[in-house]
Amino acid sequence: MIRTITHWFRVLWTEAVLSYHGRFAITSPFGYFAGKLGFPLFLMLFFIYMGKFVGFADPAFIMIGNMLLIPASSGMGGVTLAVSDERGWGTLSYILGSPAPRVPVFLGRAVFYILDGFATSLLGLFITAAIFKLNLASVNFLLLGCCSLLIAITSCGLGFLFGSISLVSRDGWVILNTFLAFLYILAGVNIPVTSLPVFLQKISYGIPMTRGIMAARLVMNGGAWDAIGRLVGGEALVGGIYILAGYVLFRIIEKRSFVSGTLDAV
Amino acid sequence: MSGLSWGLVHEQMTVQIRVRTLNVFSLALYVFQPAVFTAVGMLLSRAAGNATPDLVYSVIGGGIMGMWSGIVFTSTYDITGDRRNGMLELIVGSPTPLATVEGIRTLANVISGLFSIAVAFIAAMAIFGFSLSGVNVWGAVVSFLLLLFSLWCIGVFLANFLAWSRLSGTFVDYLEMPIAFLCGFMYPIRILPGWVQVISGFIPVRWALEAMNESLLGNTDLRFLVIHWLAAIGISLAFLFITRQLQDKVHDSIRVSGELSSI
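Residue numbers (our numbering), protein chains in the order written: chain P, 405 to 670; chain A, 8 to 270.
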């Protein structure tokens with residue numbers, strides 16, 4: 405039993421290190437930081453001025469929302485690539501042919517993207533707070549960190565789902581990016597979910613991140629655990645469902661590939 | 008651009024449109040992503056309590072956003088793709104200059120981007136009731152043509168940027184949002200801080216776009232428009248000049264060192 409658990413953790417750690425190292429080892433420091441903070445910062449500025457032009461009175465809402473989207477983008481994008489790149493580089497068949505347990509192989513890919521998104525999000529929030537002079541005096545940073553970490557974890561569920569889709573479709577990355585763009589509307593990043601049309605609100609509450617971002621906003625406004633408990637629980641539940649769905653889809657695709665032998669041919 | 012023949016233009020544009028435009032990625036770039044930005048603009052307007060959204064900036068601006076995204080990603084990925092597929096050496100070694108090939112490809116990318124602006128205009132007119140009455144049509148048409156020219160010049164510059172240095176790709180990849188922010192694709196440039204407006208003055212797209220938006224809003228001040236048109240033309244030509252100068256230097260450097268793949 406102990407040997408099995410040790411083996412699982414060893415596989416999980418190896419997967420985590422290799423997956424992250426493989427993605428960023430050849431990236432220049434400029435490319436790394438521009439991707440992590442540059443794009444979200446300019447995207448945030450773009451939305452702030454869009455809001456300012458139409459008379460949206462709360463730029464802080466857009467600032468906080470866009471910074472909280474960082475762990476989601478990292479989790480979803482990173483994990484999708486960590487899974488889909490295996491096919492791109494021709495290493496998928498080795499993974500599927502190995503006897504390694506699938507759960508740590510699958511979950512290991514998310515570990516560093518979760519930590520990365522979490523750290524970048526907090527860094528982005530502090531930079532944004534410093535630039536725009538947001539008042540952080542009443543913020544419980546431990547709770548804020550928990551919310552940010554939770555968003556990073558739950559968004560990986562979508563990453564697993566899109567990663568699995570990209571194993572059977574060459575357009576998985578495009579589908580993910582299109583979906584990421586829809587998060588600007590759906591996840592309560594730029595517009596309060598309650599301001600959305602009713603059918604969009606229903607979609608919003610059906611995806612990870614929405615409740616996590618709402619909880620983090622409450623914490624930024626001085627909210628305590630009592631105020632966010634239900635939102636955090638809901639976020640964990642929705643995220644867990646997506647992670648499970650991503651894993652099940654991965655196993656279905658894997659099993660189908662053993663039957664048809666066509667996984668690399670799509 | 009010596010030796011430019013219809014056959015070359017036709018073949019390059021046909022291949023470019025088949026390879027870069029007719030795929031799901033372009034559909035997302037030209038239609039879905041601009042639609043999302045437009046929706047954000049409209050929903051923000053709704054959340055702000057406005058009865059109707061601003062059609063010029065929110066809807067047509069979304070189309071401009073789509074065109075720009077298309078230029079950034081297709082033009083820069085051309086060279087990256089060529090390098091990855093081992094085609095870059097063949098193109099540089101062929102009698103047709105790389106600048107000519109990139110110029111034609113970028114023209115195809117700009118023409119492909121028209122789809123995005125066409126969808127935005129059709130949506131503005133058919134869905135939201137945008138009317139051409141009160142629009143300075145000639146001003147808008149001239150400004151739009153200059154906008155296409157500006158986009159083409161920047162596209163050629165960016166496309167060649169990737170040939171000059173592999174590392175520049177990491178820089179170019181992140182240009183999409185900064186330029187959209189600086190040039191006010193979905194809001195008037197005047198709401199940006201003064202120092203940001205000064206920086207955006209070095210980007211030709213900003214001048215052509217500002218003239219087009221003002222014309223769509225009914226501005227007939229010829230002096231205002233001519234100044235913007237001249238600024239767009241002048242800065243665009245400056246981009247072309249810089250591209251040409253660097254192009255020649257890089258070509259010489261490549262032939263001396265033979266290090267095309269490693270730069």
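Glycine is no exception: its CB is placed at the ideal position from the N, C-alpha and C atoms.
Residues of the stretch 507-525 of chain P with a Cβ closer than 7 Å to any Cβ of chain A: none. Against chain P, the beta carbon of D61/A has neighbours under 7 Å at V458, listed in chain order. Within the model, the alpha-carbon separation for F530/P versus L548/P is close to 12 Å.
Within chain A, L50 have C-beta atoms less than 8 Å from the C-beta of L600/P, given in sequence order. In this structure the stretch 219-229 of chain A does not lie against the stretch 198-205 of chain A, because fewer than three pairs of beta carbons, one per stretch, are closer than 8 Å. Here P200/A carries a coil assignment [DSSP, helix/strand/coil].
Here M405/P carries a coil assignment [DSSP, helix/strand/coil]. For N470/P, the enclosing alpha helix (DSSP H) stretches over residues P463 to G492. Counting only residues of its own chain and dropping the five nearest sequence neighbours on each side, N544/P has a CB closer than 7 Å to the CB of V623 and A628. Along the stretch 596-621 of chain P, the positions whose C-beta sits under 8 Å from a C-beta of chain A are P596, S599 and L600, read in chain order. Residue-level contact by beta carbon fails for T532/P and chain A, as no gap is shorter than 8 Å. By the Cβ neighbour-count rule, D520/P is buried, with 16 or more other Cβ atoms within 10 Å of its own.
Under the three-pair Cβ rule at 8 Å, the stretch 531-538 of chain P does not count as touching the stretch 493-504 of chain P.
For D630/P, the enclosing alpha helix (DSSP H) stretches over residues W629 to S664. Between I71/A and I118/A, the beta carbon gap of about 15 Å keeps them out of contact (Cβ cut-off 8 Å).
With a threshold of 16 other beta carbon atoms within 10 Å, R112/A meets it and is buried. Chain P has a Cβ within less than 8 Å of the Cβ of I198/A. Less than 8 Å separates the beta-carbon of S423/P from that of A486/P. In terms of Cα proximity to G479/P, the closest of S664/P, F465/P, I647/P and L653/P is I647/P. A straight line joining the alpha-carbon of P104/A with that of L237/A spans about 29 Å. Residue environment analysis places Q254/A among the buried positions, since at least 16 neighbouring C-beta atoms fall within 10 angstroms of its C-beta. The continuous alpha helix (DSSP H) containing P211/A extends over residues P211 to L223.
If the five residues before and after S542/P are omitted, its C-beta is found closer than 8 Å to the C-beta atoms of N625 and G626, all from its own chain and listed in chain order. Within the stretch 565-598 of chain P, D575, V578, N581, T582, A585, F586, Y588, I589, N594, I595 and P596 place their CB atoms closer than 7 Å to a CB of chain A, listed in sequence order. Each residue's CA atom was taken as its position, placing N143/A and P60/A some 21 Å apart. Apart from the 5 residues on each side of it in sequence, E217/A sits with its Cβ closer than 7 Å to the Cβ of I196 and H235 in its chain, given in chain order. At a cut-off of 8 Å between C-beta atoms, R90/A does not count as an interface residue with respect to chain P.
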